[in-house]
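**Student:** The numbers in this note's numbering rise by one with no breaks, and the one at position 180 of the sequence shown is 182. Below is one structure. I have some questions about it.
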Amino acid sequence: MVMPFLWMVSTSLRSTLEITREPHRFLPEVLIGARDAAAGGAGGLPGVFANYIEAWQRAPFGRYFFNTIVIALACLAGVIVTSALAAYAFARLRFPGREALFLLFLSMMMVPEPVYLVPSFILIARLGWLDTYAALIVPWTVNVFSIFLLRQHFKTIPQDLFDAATIDGASRFAVLWRIMMPLSKAVLVTISLFTIIGTWNSFLWPLVMTHSPEMRPLQIGLAAFSQEEGAEYGLMMAATTLSVLPLLVLYFFAQRQIIASLASSGLKE
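Put into structure tokens, the structure is as follows:
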């Protein structure tokens with residue numbers, strides 16, 4: 003998994019002429035020149051990152067990043083709230099048809115996105131949400147996998163904590179927000195990371211729901227940029243590297259919580 007990323011970074015630092023002339027060369031010529039210039043007392047960084055600077059100037063990547071961040075954070079807030087409420091109901095509340103309804107929720111994970119794309123598009127169009135943030139956020143505020151993961155973790159929390167809180171007069175919402183959520187930090191970090199990655203990399207839904215450049219998220223902007231630039235491989239790899247770096251940094255800081263949450267909640271009933 004590391005080698006494709008390193009090759010992408012290497013290609014982003016090379017000119018189109020160098021890529022076509024020596025496609026199998028890993029170390030870019032400009033990087034060697036920057037090293038020699040630094041050894042001689044001259045600055046070489048602007049030349050090294052020329053593709054990044056040019057790619058940022060040729061397309062409104064600032065707007066693409068802004069749209070993507072807004073969508074990701076809004077979806078994350080919605081997923082946390084809906085997943086916590088639904089998982090709490092499926093894990094601790096008793097009501098008729100609970101298990102059947104939960105199985106129905108799980109079955110939705112097996113339905114591919116293209117199956118419900120057309121009816122969803124018709125609904126969004128009738129609501130007047132096309133080419134708006136609402137179309138890109140509201141449908142993503144409920145995630146079945148997040149509900150499942152959080153529900154499995156909630157079922158591992160000792161019943162004694164609920165009984166003690168109930169005796170002290172805590173309501174069901176108080177038990178959820180003051181006891182269950184603080185004990186589920188690792189799972190919430192995992193859900194947050196999966197939600198952000200999912201919305202960050204989403205392509206088909208934003209492609210159908212947006213048509214103006216001002217509303218494009220990052221993946222749609224990258225696709226449009228690659229079509230406009232054609233064979234400018236260095237520019238395309240530079241833009242792709244920019245889009246991947248935030249997720250790599252996020253995953254680097256959250257990997258321990260992901261492993262802990264999957265180990266403690268994923269397989270317990």
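Idealized CB from N, CA, C, for every residue including glycine.
1. Where does MET112 land, buried or exposed, given buried means 16+ other C-beta within 10 angstroms?
2. Please report the Cβ distance between ILE193 and LEU163, rounded to the nearest whole angstrom; I am assuming they are in contact, meaning their Cβ atoms lie under 8 Å.
3. Is it buried or exposed, ALA233, if we count other Cβ atoms within 10 angstroms and call 16 or more buried?
4. Between the beta-carbon of THR242 and the beta-carbon of MET10, is there less than 9 Å?
5. When the distance is taken between beta carbons, is SER122 closer than 9 Å to PRO141?
6. Kindly provide the ranges of any alpha helix (DSSP H) runs that are 4 or more residues long and lie completely inside the segment 40-119, ordered along the chain.
7. Along the alpha helix (DSSP H) that carries ARG23, what are the first and last residues, could you check?
8. Judging by CA-CA distance, which residue of PRO248, GLN161, ILE159, ALA136 is the nearest neighbour of GLY292?
9. Ordered along the chain, which non-local residues of its own chain (more than five positions away) have a Cβ less than 6 Å from that of ASN145?
10. Kindly indicate which residue of LEU244, VAL120, SER85, ALA76 has the alpha-carbon position closest to the one of ALA61.
11. May I have the straight-line CA-CA distance separating ILE124 from PRO219, to the nearest angstrom?
12. Are the CB atoms of LEU138 and MET239 within a distance shorter than 9 Å?
13. So, is SER148 buried or exposed, given that buried needs 16 or more other C-beta atoms within 10 angstroms?
14. Using the beta-carbon count (16 or more within 10 Å), is MET182 buried or exposed?
15. Assign GLY236 to buried or exposed, taking buried as 16 or more other Cβ atoms, counted over all protein chains shown, within 10 Å of its Cβ.
16. Quick one: what does DSSP say MET238 is sitting in, helix, strand or coil?
17. Give every residue of the same chain whose Cβ lies closer than 7 Å to the Cβ of CYS77, excluding the five residues on either side of it in the sequence, and list them in chain order.
18. Determine the direct distance from the alpha carbon of ALA256 to that of LEU195, and round the result to whole angstroms.
19. Evaluate ALA166 with the Cβ neighbour count: other Cβ atoms within 10 Å of its Cβ, from every protein chain shown; 16 or more gives buried, anything less gives exposed.
20. Can the beta-carbon of TYR90 be found closer than 9 Å to that of LEU178?
21. What would DSSP say about PRO248, mapped onto helix, strand or coil?
22. Taking DSSP as the reference, what is the three-state secondary structure of GLY171?
23. What does the Cβ neighbour count give for SER109, buried or exposed, with the cut at 16 atoms within 10 Å?
24. Does DSSP put TRP131 in a helix, in a strand, or in coil?
25. Provide the residue span of the alpha helix (DSSP H) that contains LYS187, from first to last.
26. With 16 other CB atoms within 10 Å as the buried threshold, where does THR70 fall?
27. So, helix, strand or coil for PRO30, using DSSP?
**Tutor:** Let me lay it out:
1. exposed
2. With a Cβ gap of about 21 Å, ILE193 and LEU163 do not count as contacting.
3. Burial state of ALA233 is exposed, judged by a 10 Å Cβ sphere holding fewer than 16 other Cβ atoms.
4. Yes. Within cutoff.
5. yes
6. 47-50, 52-60, 63-94, 100-109
7. Element bounds for ARG23: 18-23.
8. Any answer about residue 292 is impossible in this case: the structure gives the chain only from 3 up to 271.
9. VAL81
10. LEU244
11. 21 Å
12. no
13. buried
14. Buried, since its Cβ has 16 or more Cβ neighbours within 10 Å.
15. buried
16. helix
17. Excluding residues within five positions, the ones whose Cβ falls inside 7 Å are ILE139, TRP142, THR143, THR197, THR201.
18. 8 Å
19. exposed
20. A contact, by the Cβ cut-off of 9 Å.
21. helix
22. The DSSP-derived three-state label of GLY171 is coil.
23. Classification of SER109: exposed, given that the 10 Å Cβ count is below 16.
24. coil
25. Element bounds for LYS187: 187-203.
26. With 16 or more other Cβ atoms within 10 Å, it is buried.
27. PRO30 falls in the coil class under three-state DSSP.
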